[in-house]
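Those protein sequence lines, which keep their order, are chains E and G.
If you read the first sequence in our numbering, its first letter stands for residue 8, the second for the next number, and so on.
If you read the second sequence in our numbering, its first letter stands for residue 3, the second for the next number, and so on.
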Amino acid sequence: MGPIIPLFEISEEINLLIAFLIGLGFGIALEQAGFSSSRKLAGMFYGYDTTVLKVFFTASIVAMLGLVFLNDLGMIDMSIVYVNDYYIASAIIGGVIMGGGFIIGGFCPGTSVCAAAIGKIDAMYFVGGSLIGILIFGQTYPLWEKLHFAQHIGPVKLSDTLGVKDGLLGLIVIIAALLMFWIGEMAEKRFKREDISKEL
Amino acid sequence: MKARYILSIVLVSLGLIAAILPQNQNSSLELDAKQLLNEIQVENYVISIDEMANAMINDDPEYQLIDVRSKEEYEKFSLPGAMNIPFDQLFNEEWAPYIDQVARKNVFYCNGTTLASDAWMLTRQKGYKNNYILKGGLNNWYTTIIEPDEPTLTNGQEAMYDYQARLGAKQFFTGAGAADNSSNKKKAKKPVPRRKKKMVAGGCS
Chain E
8 MGPIIPLFEI SEEINLLIAF LIGLGFGIAL EQAGFSSSRK LAGMFYGYDT TVLKVFFTAS
68 IVAMLGLVFL NDLGMIDMSI VYVNDYYIAS AIIGGVIMGG GFIIGGFCPG TSVCAAAIGK
128 IDAMYFVGGS LIGILIFGQT YPLWEKLHFA QHIGPVKLSD TLGVKDGLLG LIVIIAALLM
188 FWIGEMAEKR FKREDISKEL
Chain G
3 MKARYILSIV LVSLGLIAAI LPQNQNSSLE LDAKQLLNEI QVENYVISID EMANAMINDD
63 PEYQLIDVRS KEEYEKFSLP GAMNIPFDQL FNEEWAPYID QVARKNVFYC NGTTLASDAW
123 MLTRQKGYKN NYILKGGLNN WYTTIIEPDE PTLTNGQEAM YDYQARLGAK QFFTGAGAAD
183 NSSNKKKAKK PVPRRKKKMV AGGCS
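This is the structure we're talking about:
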């Protein structure tokens with residue numbers, strides 16, 4: 008039981024190698040889902056393509072069910088699973104900036120690298136823009152530091168906040184996701200656009 | 003379209019199962035009885051008196067002696083360099099950084115071994131590493147270092163070396179060649195000599 012690979016018991020190099028392999032897998036999955044096309048990504052906002060919603064919600068459902076079942080089989084220790092700290096202000100502001108960048112640039116940070124890797128020039132510009140953004144944020148960090156750490160709630164889980172079991176929350180998320188999938192597919196029919204990828 | 007129905011049904015039923023399951027609290031760090039038994043049998047959690055004495059003489063920072071007896075007993079007599087964590091306060095918050103750490107070897111001791119073994123067992127069960135027991139406790143310390151038995155000729159050379167080392171340790175801990183073997187007296191601090199006040203100079207004398 009416990010972590011399959013205890014983080015501090017393997018060398019730094021192996022650790023990075025594992026991270027590299029996981030990153031490769033993530034990139035392949037993104038590319039397979041068609042996320043290197045900004046038409047597909049922007050489709051989420053216009054309603055003609057909801058692949059993004061489906062892929063990411065499916066991924067989280069798989070991970071969620073996996074954790075719930077592994078926990079029940081006694082194969083994982085949830086108390087040492089890392090949960091991100093929640094900072095309300097940063098989460099909202101970051102979410103707005105991320106969404107804005109997403110619809111303006113047509114990529115999210117992960118997919119932009121993916122698309123740049125298969126040679127899309129707009130994605131390369133996007134990656135450059137991200138790097139400039141990171142540089143500006145890093146250089147002016149003292150200005151944002153207070154905002155960054157404002158309204159810290161700590162590593163909270165939705166199930167704890169709502170006071171329900173993890174499994175029950177899982178069921179709620181699954182039902183919500185399925186509803187969104189069906190609505191998404193209805194929207195795809197309603198806002199259908201001609202496929203112009205052959206002309207491009 | 004049919005695939006979508008099947009997928010939806012599978013997902014919802016998996017979700018239902020997940021919702022019904024009791025939420026276990028697993029703890030990978032704590033050892034169960036079987037693992038603990040295994041560790042006890044291997045017996046690599048004891049530190050011999052000779053090893054400890056050697057470390058103390060060399061001022062080895064790797065070892066931290068922890069006296070698990072009561073505060074009164076600790077104040078009456080303790081090994082040099084030992085800190086006191088009374089057994090009943092073992093899991094107090096203030097001691098957590100000392101007993102749950104990876105930097106040093108903690109060596110628990112008491113008069114015999116009972117309290118120290120209990121302390122080791124409790125901390126080990128919690129999953130803390132780097133805790134050890136001083137073999138035989140203070141009683142053994144006394145018979146080994148303070149009043150070592152002289153080996154007979156049949157004991158072999160190794161026993162003789164051990165004996166010599168123990169005599170050396172005895173000198174170190176009790177004072178060279180002292181006739182009085184009691185180690186119960188703490189080494190008196192060297193008094194800092196005060197400067198004598200100078201006489202007021204000058205004036206009309």
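Here a beta-carbon is modelled for each residue, glycine too, at the ideal position from N, C-alpha and C.
Using a Cβ-Cβ cutoff of less than 6 Å, which residues in the same chain neighbour residue i once the five nearest sequence positions on both sides are dropped?
| i | result |
| --- | --- |
| N142/G | I51 |
| V14/G | none |
| I59/G | F174 |
| L33/G | Q127 |
| S29/G | none |
| N183/G | Here the model assigns N183/G a pLDDT of 48, short of 50, so the residue's position is not dependable and the matter cannot be decided. |
I think residue i touches residue j, with their Cβ atoms under 8 Å apart; what is that distance to the nearest whole Å?
| i | j | result |
| --- | --- | --- |
| M51/E | L60/E | 6 Å |
| Q127/G | L16/G | Actually they do not touch by this definition, with Cβ atoms about 36 Å apart. |
| L136/G | M54/G | 6 Å |
| S80/G | D69/G | 5 Å |
| I83/E | L77/E | 4 Å |
| V75/E | A20/G | 4 Å |
Among the options, which residue has its Cα nearest to the Cα of residue i?
| i | options | result |
| --- | --- | --- |
| D102/G | T115/G, W122/G and S80/G | W122/G |
| L48/E | G107/E, G161/E and G170/E | G107/E |
| G174/E | F33/E, I21/E and A70/E | A70/E |
| V62/E | T118/E, P162/E, L169/E and G136/E | T118/E |
| M193/E | Y53/E, F33/E, P162/E and E19/E | Y53/E |
| G191/E | F76/E, T57/E and V75/E | T57/E |
| I22/G | R46/E, G101/E and L178/E | L178/E |
| L165/E | D79/E, D84/E and N91/E | N91/E |
| C112/G | A57/G, A20/G, K131/G and A84/G | A84/G |
| Y165/G | T176/G, L155/G and P150/G | P150/G |
| S72/G | L9/G, Q25/G, K172/G and L117/G | L117/G |
| F132/G | T125/G, G114/G, K107/G and S119/G | Note on identity: in this sequence residue 132/G is Asn, with Phe being the wrong assignment. That would be K107/G, whose Cα lies nearest to the Cα of N132/G. |
| I182/E | G81/E, I160/E, S97/E and F64/E | F64/E |
| E75/G | Q66/G, Y65/G and N86/G | N86/G |
| K127/E | R46/E, P149/E and I17/E | R46/E |
Considering only residues of the same chain and omitting the five flanking positions on each side of residue i, which have a CB-CB separation below 7 Å?
| i | result |
| --- | --- |
| K198/G | With a pLDDT of 49 at K198/G, under the threshold of 50, the modelled position of this residue cannot be trusted, and the question is left open. |
| L142/E | none |
| P153/G | A161, M162 and Y165 |
| P116/E | S137 |
| Y130/G | I101 and D102 |
Looking only at DSSP bridge pairs, what is residue i linked to?
| i | result |
| --- | --- |
| V67/G | For the sequence presented, residue 67/G should be read as Leu rather than Val. Beta-bridge pairing links L67/G to V109/G. |
| Y134/G | V109/G |
| I128/E | According to DSSP, which records beta bridges pairwise, I128/E is partnered with nothing at all. |
| V171/E | Paired residue(s): none; V171/E is not in a bridge. |
| Y93/E | G161/E |
| M85/G | I68/G |
| V48/G | I135/G |
At what residues does the alpha helix (DSSP H) containing residue i begin and finish?
| i | result |
| --- | --- |
| G117/E | P116 to A124 |
| P99/G | A98 to I101 |
| I8/G | K4 to I22 |
| P149/E | Y148 to H155 |
| N26/G | Segment: none, N26/G is in no alpha helix (DSSP H) and carries neither H nor E. |
How is the beta strand (DSSP E) around residue i delimited, first residue to last?
| i | result |
| --- | --- |
| I160/E | H159 to G161 |
In chain order, what residues of the same chain lie with their CB nearer than 8 Å to the CB of residue i, ignoring the 5 residues before and after it?
| i | result |
| --- | --- |
| E64/G | A57, R106 and K107 |
| N186/G | In this prediction, N186/G scores a pLDDT of 47, lower than 50, which makes its location untrustworthy; the coordinate-derived value is nonetheless stated afterwards. Closer than 8 Å at Cβ, skipping near neighbours: K78 and F79. |
| L124/G | L92 and F93 |
| K199/E | Y55 |
| A5/G | none |
| L169/G | P150 |
| Y100/G | Q66, I68, M85, I87 and N108 |
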